[in-house]
Structure formats: structure tokens, C-alpha cells
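S.K.: Residue numbers (this note's numbering): -13 to 397. Virtual Cβ for every residue (Gly too), placed ideally from N, Cα, C.
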Amino acid sequence: FEYDGPSMKTEVPGPRSKELAKQLGEMQNVGAINFFCNYEESRGNYLVDVDGNRMLDVYTQISSIPIGYSHPSLMKVLSNPNNMSAFVNRPALGILPPENFPEKLAESLLSVSPSGMSRAQTMACGSCSNENAFKSMFIWYRNKERGHNNPSEEDIRSCMINQSPGCPNLSILSFMGGFHGRTMGCLATTHSKAIHKLDVPSFDWPIAPFPKLKYPLEEFTRENAQEEARCLEEVEDLIVQWRQKGRPVAGIIIEPIQAEGGDNHASPDFFRKLRNIAHKHGCAFHVDEVQTGCGATGKFWAHEHWGMEDPADIVSFSKKMLTGGFYHKDEFQADKYPNLLSSARGVGTFCAVDIRDEATRNSILIKARDKGVLLGGCGDRSIRFRPALVFKEYHVHIFLNVFNDVLAEYN
């Protein structure tokens, strides 16, 4: 399957690459192109260009090739008619997914989901994965502020003209040296190279210093600990400052290793303490694993090296995952019944949710009972859940199926 070594026939770029660059230059900007590739002849760890040069690839399309070029297993999967039809017909997955989509999602993305995350939102690339994760964090934060998920008439009116409160003055805290993409929100959190940001309007969002560690690590233990403490202190100061200036920090985004910014590392202790700061100030914690995910660090997710059971609220991915998207906790799920349910809360199995009014609450209790599920009310308009300690996962599915059927009648 794989070649036995590099083989160079011309300089790079060669004459054919230069010819193609000239042709393409008449249609689009080609300033970043290194050379043109022959992907049909590229195999395993070797990339072949259009001039026949064969190179050992230790860069893999900016860390995007998980198991080498033209891997037989991937070629077989993509040649399967059931998978091919999805590419040919380009389904709008949000409204018209194919029949096998739940099965595919469970077998692929959810089979490697990070700790504490059972949901995955698919996207096309790393930038749109982060951009839409930002939106989820903002919506989560506003629902938390309101205490419910029902926007007011003023929210709805003002958002249409890009004004608050409908378009709130919230922010995302990022780190100097980070790279999270080139869409508008992502670019506001990207601070690796000026050329990425030049001439593009941006947002007034806080930027914290990322630790600059000294090497070898064992010789600079004290200095590096002081540097990380300095950066963490600055994070807290910035969160307070932005709250005082009326732009609260809804979320913090960080890479486990700053790749584009220079392969900058920090200790697991730094990330654990940063996670605690996010908890303390009520900020969502977003770990960008677009480049570090899928095994490159010796664990499937780089944040696993931190040794935490609850490492993040959101984990974004792309590149070697051969798709894009983000994992998230249940509370970041877009609400299915925004005008019916609110203020979901609980500890362990001791949970409750508010219904829009008392009459609707009472009606739901009766309809659920008629379908074989017994629930209890509490307060003015709440439903409380008090299952036994032997309540299994399959009991949860039975309950949710009935509960969703009942709620659907009110949507």
C-alpha cells in the first residue's frame, strides 16, 4: 500500500504546478498555494504532486489526515452506495436527514464523545464549528440570566435591528496566540497572525495572556508555575472588567495546545484551574480540539491529559475527524419546547421543570398518567421527578417517549 521512500524529480513547485497556478490565478487568489497535488497517486504517509515528486508528509494538510492518504478502509466506506447517496444528494441534515443518520451518528461521533457529553452538533469545518458553538454559549448564558427560555417582545424586536437586549452585549474570552478560525466571531478570538485579522472589523472581547513556558520544564518549575498563575490572575481580572463595562463573558475558549500560534503548551494544572475559574464566574468553557483531537497527542482528546471528569462544557472538532462539529452538555441543547418548558433544574435524580402556567401543568400530568406515566406537581406550575433508585436507563427512555408525546400536543 505504501511507497518505500521519497522520490524527487523536479524542484517544488515544479513546471506543471506553476502552469496550474497561473491558470487558477485568473479565477481566484493563489497566494497561499505551495503546489498542486496528485491525490490519486498519494498513499499512506506520502503525498505526490502533479510533477511526480513524492514527499514524506509530516504536515498532513495542516494536521487533517488521520490514517494516511487513500486509506483502503476509508475508500471502501466512501464507495458504499448508502454513503455515496448522502454526498450526491447533499441532505439538509437539520430538517431532512437520511434514515440511517441517528445510527451513523451513534456509531461514529458519539462513540468517541468526550467525558460528560452525550450530544454532538455536526458542522462542515472547524471555523463554523466554533462559530456555532459561540452562539450556543450566548443562548445558554441569556437563558440563565432570564431564568427561562422565553424571549420577550422587546428581545424579538431589538434583535432584528442588531440592538440589545435581543442582541446582547456579551463576549467570549480568548488567549493571545490562539487560533479558532476565520469567520467573524472566531476571528475575534484569533490572535496568532496579523494577516488573518487585518482590515476586518471585530468585537470588543477580552484577550488573556497564554503562559510562555521556559524549557526544559524540569529546570524552570518555579518560574513556569509563577507564569501560569500570572495568566490565571489576568483571566479573572478580565472577566470582572468586562462585566463592569457591560459586556459579560459568556464563555472562555482555549486550545489544549496553541497550534497555529507556535505549539504553545501549558500544564494540566493550568487548565484545571482555568476550568474552575469558568465555573466560579458562570462562564461556559469551550475547548477547541479542531487540531489536537483524534489521537495526535497520545489520547483521543488532548484534554484527557488534564485528568478531569468534567473538563469542558463544549468541545469542538474537525480536521482529522473528517467532518466538523461540537460536542456539548445537555444544557447547551437548543430548547425543543421554548414556550412550554423552562428552568429545568435538579441534583442527581431529584429534578423539576417549570411549565408555562398552572392549567397547562395540570393538563400535562393527567395526559401523562393516561399514557401510563405517573408524575407529580409542585409549586405554582412545576413538575417534579422522583424516580426510585432502581430506575434504569431503559426506564428513562420509556418516560421520555411518553413525555415528549404529551408535550408535542402543546407545541
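Any chance you could list the alpha helix (DSSP H) runs of at least 4 consecutive residues sitting entirely within the stretch 43 to 84, in chain order?
M.R.: Fully enclosed alpha helix (DSSP H) runs of 4 or longer: 46 to 49, 58 to 65, 67 to 75.
S.K.: Which residues share a DSSP beta bridge with residue 250?
M.R.: Taking the first residue of the sequence shown as 1, we reach residue 250 at position 264. BP columns for residue 250 point to 244.
S.K.: Less than 8 Å between C-beta atoms, sequence neighbours within five positions excluded: which residues of the same chain meet that for residue 218?
M.R.: Here residue 218 corresponds to residue number 232 of the sequence shown, with the count starting at 1. Once the five neighbours on either side are set aside, the close Cβ partners of residue 218 are 256, 259, 260, 263.
S.K.: Using 8 Å for Cβ pairs, my map puts residue 303 next to residue 311. What's the rounded Cβ distance?
M.R.: On the sequence shown, position 317 is the one that residue 303 refers to. On the sequence shown, position 325 is the one that residue 311 refers to. Rounded, the Cβ-Cβ distance is 6 Å, consistent with contact.
S.K.: Comparing C-alpha positions only, which one of 86, 388, 192 sits nearest to residue 67?
M.R.: For the purposes of this step, residue 67 is taken as residue 81 along the sequence shown, with counting starting at 1. Ranking the options by Cα distance to residue 67, first place goes to 86.
S.K.: Compute the Euclidean distance between the alpha carbons of residue 19 and residue 11, then round it to the nearest angstrom.
M.R.: The residue given as residue 19 occupies position 33 in the sequence shown. The residue given as residue 11 occupies position 25 in the sequence shown. Their Cα atoms are separated by approximately 10 Å.
S.K.: How is residue 388 classed by DSSP in three states: helix, strand or coil?
M.R.: If you number the sequence shown from 1, residue 388 lands on position 402. In the structure shown, residue 388 sits in a helix (DSSP, three-state: H, G or I).
S.K.: Could you work out which residue in 276, 163, 223 is closest to residue 50 when comparing CA atoms only?
M.R.: On the sequence shown, residue 50 is found 64 positions in, with the first residue counted as 1. Per the Cα distances, 276.
S.K.: Please report how far the alpha carbon of residue 135 lies from the alpha carbon of residue 327, in whole angstroms.
M.R.: Within the sequence shown, the letter at position 149 stands for residue 135. Within the sequence shown, the letter at position 341 stands for residue 327. Residue 135 and residue 327: Cα-Cα distance of roughly 8 Å.
S.K.: If we count the other Cβ atoms within 10 Å of its Cβ and call it buried at 16 or more, is residue 301 buried or exposed?
M.R.: Residue numbering aside, residue 301 sits at position 315 when the sequence shown is read from its first letter. Buried is the call here.
S.K.: Write down the C-beta distance between residue 105 and residue 316 rounded to the nearest angstrom, noting that I regard them as a contact closer than 8 Å.
M.R.: Here the question's residue 105 lines up with position 119 in the sequence shown. Here the question's residue 316 lines up with position 330 in the sequence shown. Right, the Cβ-Cβ distance comes to about 7 Å (below 8 Å), so this counts as a contact.
S.K.: According to DSSP, is residue 310 helix, strand or coil?
M.R.: Here residue 310 corresponds to residue number 324 of the sequence shown, with the count starting at 1. In the structure shown, residue 310 sits in a strand (DSSP, three-state: E or B).
S.K.: According to DSSP, is residue 435 helix, strand or coil?
M.R.: Past the boundaries of the shown model lies residue 435; the chain is included only from -13 to 397, so the question cannot be answered.
S.K.: Express the C-alpha separation of residue -11 and residue 280 in angstroms, rounding to a whole number.
M.R.: By one-based count along the sequence shown, residue 280 stands at place 294. By one-based count along the sequence shown, residue -11 stands at place 3. Approximately 25 Å between the Cα atoms of the pair.
S.K.: For residue 171, report the span of its beta strand (DSSP E) as first-last.
M.R.: Your numbering for residue 171 matches position 185 in the sequence shown. It is not in any beta strand (DSSP E) - residue 171 instead sits in the alpha helix (DSSP H) that spans 170 to 174.
S.K.: How would you label residue 362, buried or exposed, when you count the other beta carbons within 10 angstroms and need 16 or more for buried?
M.R.: Counted from its first residue, the sequence shown places residue 362 at position 376. Exposed, since its Cβ has fewer than 16 Cβ neighbours within 10 Å.
S.K.: Just how far apart, CA to CA, sit residue 192 and residue 158?
M.R.: In the sequence shown, counting from the first residue as 1, residue 192 sits at position 206. In the sequence shown, counting from the first residue as 1, residue 158 sits at position 172. Rounded to whole angstroms, residue 192 to residue 158 spans 7 Å at the Cα level.
S.K.: Just checking, does the stretch 171 to 190 make contact with the stretch 203 to 210 on the three C-beta pairs under 8 Å criterion?
M.R.: The stretch 171 to 190 is not in contact with the stretch 203 to 210.
S.K.: Looking only at DSSP bridge pairs, what is residue 337 linked to?
M.R.: For the purposes of this step, residue 337 is taken as the residue at position 351 of the sequence shown. Residue 337 pairs with 332, 371.
S.K.: Using 10 angstroms around the beta-carbon of residue 269, count the other beta-carbons present and answer buried if the total reaches 16, otherwise exposed.
M.R.: Counting from 1 along the sequence shown, the entry for residue 269 is found at position 283. Label assigned to residue 269: buried.
S.K.: List the endpoints of the continuous beta strand (DSSP E) containing residue 302.
M.R.: Counting from 1 along the sequence shown, the entry for residue 302 is found at position 316. Start and end: 300 to 303.
S.K.: Kindly list the residues whose CB is nearer than 8 Å to the CB of residue 36, restricted to its own chain and excluding five residues on each side of it in sequence; keep chain order.
M.R.: Along the sequence shown, read from residue 1 onward, the residue named residue 36 stands at position 50. If we look at residue 36 and ignore the five residues flanking it on each side, its Cβ neighbours are 0, 2, 3, 6, 21, 22, 23, 24.
S.K.: Among 152, 161, 55, 201, which has the Cα closest to the Cα of residue 32?
M.R.: By one-based count along the sequence shown, residue 32 stands at place 46. For residue 32, the nearest C-alpha among the options comes from 55.
S.K.: Kindly list the residues whose CB is nearer than 6 Å to the CB of residue 102, restricted to its own chain and excluding five residues on each side of it in sequence; keep chain order.
M.R.: Within the sequence shown, numbered from 1, the residue matching residue 102 stands at position 116. Only 296 meet the Cβ criterion.
S.K.: Return the first residue and the last residue of the beta strand (DSSP E) that residue 362 is part of.
M.R.: Taking the sequence shown and counting its residues from 1, the one referred to as residue 362 is at position 376. 362 to 364 is the span of the beta strand (DSSP E), which, as asked, contains residue 362.
S.K.: What residues are listed by DSSP as bridge partners for residue 30?
M.R.: To locate residue 30, count along the sequence shown from 1; it is residue 44. 55.
S.K.: Please report the residue range of the alpha helix (DSSP H) in which residue 203 lies.
M.R.: Translated into positions along the sequence shown, residue 203 becomes position 217. Unbroken run through residue 203: none, as it is neither H nor E.
S.K.: Would you tell me roughly how many angstroms separate the C-alpha atoms of residue 325 and residue 357, rounded to the nearest one?
M.R.: The sequence position of residue 325 within the sequence shown is 339, counting from 1. The sequence position of residue 357 within the sequence shown is 371, counting from 1. Answer to the nearest angstrom: the Cα atoms are 23 Å apart.
S.K.: When the distance is taken between beta carbons, is residue 239 closer than 7 Å to residue 274?
M.R.: Counting from one through the sequence shown, the residue named residue 274 turns up at place 288. Counting from one through the sequence shown, the residue named residue 239 turns up at place 253. Yes, the pair counts as a contact, with Cβ atoms nearer than the cut-off.
S.K.: Using a threshold of 7 Å, state whether the C-beta atoms of residue 209 and residue 200 are closer than that.
M.R.: On the sequence shown, residue 209 is found 223 positions in, with the first residue counted as 1. On the sequence shown, residue 200 is found 214 positions in, with the first residue counted as 1. Yes, Cβ-Cβ distance for residue 209 and residue 200 is below 7 Å.
S.K.: Would you report the Cα separation of residue 71 and residue 65, rounded to the nearest angstrom?
M.R.: On the sequence shown, residue 71 is found 85 positions in, with the first residue counted as 1. On the sequence shown, residue 65 is found 79 positions in, with the first residue counted as 1. Rounded to whole angstroms, residue 71 to residue 65 spans 10 Å at the Cα level.
S.K.: Could you pull out every residue in the same chain whose Cβ sits closer than 8 Å to the Cβ of residue 194, ignoring the five residues on either side in sequence?
M.R.: Reading the sequence shown from its first residue, position 208 is the one you call residue 194. For residue 194, where only same-chain residues beyond five positions count, the Cβ hits under 8 Å are 159, 160, 161, 162, 217, 220, 221, 224.
S.K.: Within 10 angstroms of the Cβ of residue 197, are there 16 or more other Cβ atoms? Answer buried if so, exposed if not.
M.R.: Locating residue 197 in the sequence shown gives position 211, where the first residue counts as 1. Counting Cβ neighbours within 10 Å, residue 197 comes out buried, since at least 16 surround it.
S.K.: Determine contact between the stretch 371 to 381 and the stretch 330 to 339, defined as no fewer than three beta-carbon pairs at a distance below 8 Å.
M.R.: A contact exists between the stretch 371 to 381 and the stretch 330 to 339.
S.K.: From residue 351 to residue 394, what does the alpha carbon distance come to, in whole angstroms?
M.R.: In the sequence shown, counting from the first residue as 1, residue 351 sits at position 365. In the sequence shown, counting from the first residue as 1, residue 394 sits at position 408. Distance between the alpha carbons of residue 351 and residue 394 is about 14 Å.
S.K.: What is the DSSP secondary structure of residue 106, reduced to helix, strand or coil?
M.R.: For the purposes of this step, residue 106 is taken as the residue at position 120 of the sequence shown. Strand, per DSSP.
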